[in-house]
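Step one of this worksheet: look at the structure below.
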Amino acid sequence: MHLILPTYDQWILLFVGGTMVIMAANLIQWVIRRERVYALYSLYIFLWVIAFGGDALALEPAIMAFVRTVPFYVFSVLYLELALTFMNLTSYPRLLRWYRIMQVTWLLFALPETYFNLFSSLWQTGWHAIVLDIERGIVLVLTNLTILYTFIMYLKRTDVLARFFFVGTVALWLGEIFSTVVLNQYIDQGIEVVVRLPLPRHPAFIMQVGILLDLICVSLGLSYRQRQQALQQIMAEQTLIREREQYLRRQLEADLTVQQLKQQFTEAQMRALQSQVNPHFLFNSLNTLSALIDENPQQATDYVDELSSVYRYLLRAGDSELTSLSVELNFIRSYLHLLKTRYGQSICTEIAVADTFQDALLPPLTLQLLVENAVKHNRALLEEPLTIRIGTTEVGHLVVENNIQRRAVRVESNGVGLSNITDKYRLLNHPTPRIEEANGWFRVTLPLLLTSPATVQEVDME
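Written out as structure tokens, the structure reads:
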């Protein structure tokens with residue numbers, strides 16, 4: 038059974054149709070992506086269609102001569118441009134410059150040919166045929182040698198995109214070589230014999246097979262290039278996302294550092310505030326102790342115990358921002374014991390704190406500052422005792438009040454007492470105490486904090 042091959046006239050229709058499909062696909066890519074390479078490649082394919090499909094058109098001889106000559110130069114320019122697209126020559130400036138020189142030169146060759154074919158009859162002269170053959174030889178040799186030289190340089194590189202172009206070019210060269218060999222073999226028998234050669238020996242068929250293989254390789258190369266660009270874009274987006282995440286992480290770390298610094302600054306301020314204890318209290322306590330040693334040694338011993346408890350608390354109060362109300366009350370009882378030892382019945386104290394608020398929180402030394410403030414600014418006499426009350430309200434507020442009986446000589450205030458307490462609450466981001474005078478009483482109402490006691494340190498009063 039013999040294989041029935043199509044005639045060349047049938048094949049040329051398949052060839053033109055196939056190349057038109059490839060050209061349409063590239064035009065669609067150009068419309069979508071607007072990349073210059075797809076427009077150039079579409080024009081490159083169109084020139085092949087014109088070169089082999091022009092015979093089917095009923096064109097005037099001059100126009101047919103134009104179609105068979107000028108597109109050859111444009112084709113060479115486009116092929117060099119495709120080579121630059123597939124093979125990045127930015128690192129070879131001299132070779133890149135040579136490519137540009139050739140492209141300009143081939144376009145200059147095309148200008149007089151356009152005039153000869155379309156605007157004069159010089160294309161019919163014998164000398165024109167000689168010049169045309171010389172120009173074509175120069176273009177073919179220099180273009181192909183330059184691309185071959187570029188390929189040799191690229192052998193050391195693992196550039197997949199360049200390999201697609203290299204394989205396509207080799208297929209095109211082989212098609213040209215075998216087509217020329219067949220043409221030289223039968224040209225002596227006349228052009229009519231050559232034209233009627235069957236497939237696959239027809240020179241044009243052999244050439245067109247090489248062209249199709251070239252077009253397929255270049256199209257695959259462009260697809261690979263598009264895929265690589267998509268991957269590069271994805272990688273760039275992933276890199277951008279990672280950089281953005283790293284930036285956000287650094288920003289969060291910076292914010293955390295700032296918060297930590299603010300916290301440390303706040304703690305330092307709290308410690309500074311808590312360290313602002315009136316030094317005269319120590320001197321007065323020592324004077325009282327000195328007097329008791331001679332008058333009542335047992336009471337002096339009890340006084341020393343209470344004094345040591347007070348100063349143990351004072352020294353450790355700076356270790357925490359908050360303490361429980363029960364611990365603060367234990368401290369203030371020791372503190373009041375020292376005051377009553379000094380002032381006797383001149384100071385009366387009343388403590389009525391509900392058991393439900395014993396675990397509530399407040400800044401350390403708050404009660405001491407309020408009691409000290411009351412003693413400092415008011416008279417405490419046996420006939421006019423100073424009364425200090427400490428209690429809680431149903432809504433969870435601590436109330437410290439004293440009857441007002443101001444000293445005759447106004448005491449200079451250093452602003453430590455009440456402002457110290459207010460600053461502590463402000464640093465803790467809690468409502469500040471309410472200070473008021475009414476009906477002969479000075480009253481300070483403090484909000485007890487019912488938050489988690491994570492920063493509470495139980496101060497040993499023993």
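Taking my numbering, the leading residue of the sequence shown gets 38, the next gets one more, and so forth. Glycine included, each C-beta is placed from N, C-alpha and C at the ideal position.
query: If you count every other CB in all the chains shown that lies within 10 Å of the CB of Trp160, and 16 or more means buried, which is it?; result: buried
query: Among Thr56, Gln275, His414, Gly433, which residue has its Cα nearest to the Cα of Arg447?; result: His414
query: Let me check understanding here. Comparing Cα to Cα, which of Asn457, Val390, Val197, Leu419 lies closest to Arg426?; result: Val390
query: In the DSSP output, which residue or residues are listed as bridge partners for Phe479?; result: Asn439, Glu474
query: Is it buried or exposed for Ser216, if we count other Cβ within 10 angstroms and need 16 for buried?; result: buried
query: Measuring CB atoms only, is the region 243-253 touching the region 53-70, in the sense that at least three cross pairs come out at less than 8 Å?; result: yes
query: In three-state terms, what does DSSP make of Thr127?; result: coil
query: What residue from Gln270, Pro401, Gln275 has the CA that sits closest to Arg353's CA?; result: Pro401
query: Would you tell me roughly how many angstroms separate the C-alpha atoms of Leu1 and Val364, rounded to the nearest one?; result: Beyond the ends of the chain as shown, which are 38 and 499, falls residue 1; an answer cannot be given.
query: What does a CB cutoff of less than 8 Å around Gly381 pick up in its chain, not counting 5 residues either side in sequence?; result: Leu419
query: Quick check on Met244: buried or exposed, where buried means 16 or more other Cβ atoms within 10 Å of its Cβ?; result: buried
query: Quick one: complete beta strand (DSSP E) runs, 3+ long, within the region 127-163?; result: none
query: Taking just the CA atoms, how far does Cys254 sit from Ala213?; result: Checking the sequence shown, residue 213 turns out to be Glu, not Ala. Approximately 17 Å between the Cα atoms of the pair.
query: With DSSP run on the structure shown, which of helix, strand or coil describes Arg71?; result: coil
query: Can the beta-carbon of Thr325 be found closer than 8 Å to that of Thr378?; result: yes
query: Taking its Cβ as the centre, do 16 or more other Cβ atoms sit within 10 Å of Gln573, making it buried, or is it exposed?; result: In the structure displayed, the chain extends from 38 to 499; residue 573 sits before or after that span and is not available.
query: Within 10 Å of its beta-carbon, does Arg70 have 16 or more other beta-carbons around it, so buried, or fewer, so exposed?; result: exposed
query: Return the Cβ separation of Leu398 and Leu485 in integer angstroms, given the expectation that the two are a contact with Cβ distance under 8 Å.; result: 7 Å
query: Report the option in Ile82, Ala417, Val412, Ile167 whose CA atom is closest to the CA atom of Ala5.; result: In this structure the chain extends from 38 to 499, so residue 5 is not present and cannot be described.
query: Can you tell me where the alpha helix (DSSP H) with Arg353 in it begins and where it stops?; result: 334-353
query: By alpha-carbon positions, which one of Glu280, Leu145, Leu487, Gly258 ends up nearest to Asp196?; result: Gly258
query: If Leu376 and Val341 are in contact, beta carbons under 8 Å, what's the gap, nearest whole angstrom?; result: That belief does not hold up - the Cβ atoms of Leu376 and Val341 are roughly 15 Å apart, past 8 Å.
query: Would you call the region 184-193 and the region 117-129 in contact, with 3 or more CB pairs under 8 Å?; result: yes
query: Starting from Gly527, trace the alpha helix (DSSP H) in both directions and tell me its first and last residue.; result: Outside the shown range of the chain, which is 38 to 499, sits residue 527, and nothing can be said about it.
query: Could you have a look at Gly454 and say whether DSSP puts it in helix, strand or coil?; result: helix
query: Quick one: residues in its chain with C-beta nearer than 7 Å to the C-beta of Thr469, no 5 flanking neighbours on either side, listed in chain order?; result: Thr459, Tyr462, Arg463
query: May I have the straight-line CA-CA distance separating Gln226 from Leu155, to the nearest angstrom?; result: 33 Å
query: Determine the DSSP secondary structure at Arg233, reduced to helix, strand or coil.; result: coil
query: Have a look at Trp48 and Gly90 and give me their C-alpha separation to the nearest angstrom.; result: 11 Å
query: Looking at the secondary structure, which residues open and close the alpha helix (DSSP H) in which Gly205 lies?; result: 197-223
query: With H, G and I counted as helix, E and B as strand and the rest as coil, what does DSSP make of Ile184?; result: helix
query: Do the region 95-108 and the region 141-155 touch if we need at least three Cβ pairs shorter than 8 Å?; result: yes
query: Round the Cβ separation of Gln336 and Leu329 to the nearest angstrom and send it over; I've been treating them as touching at under 8 Å.; result: 5 Å
query: Under 7 Å Cβ to Cβ from Arg238, same chain only, skipping five residues before and after it: list those, please.; result: Val219
query: Measure the alpha-carbon distance for Leu126 versus Trp135 and round it to whole angstroms.; result: 11 Å
query: Hey, how far is the Cα of Thr360 from the Cα of Arg443?; result: 31 Å
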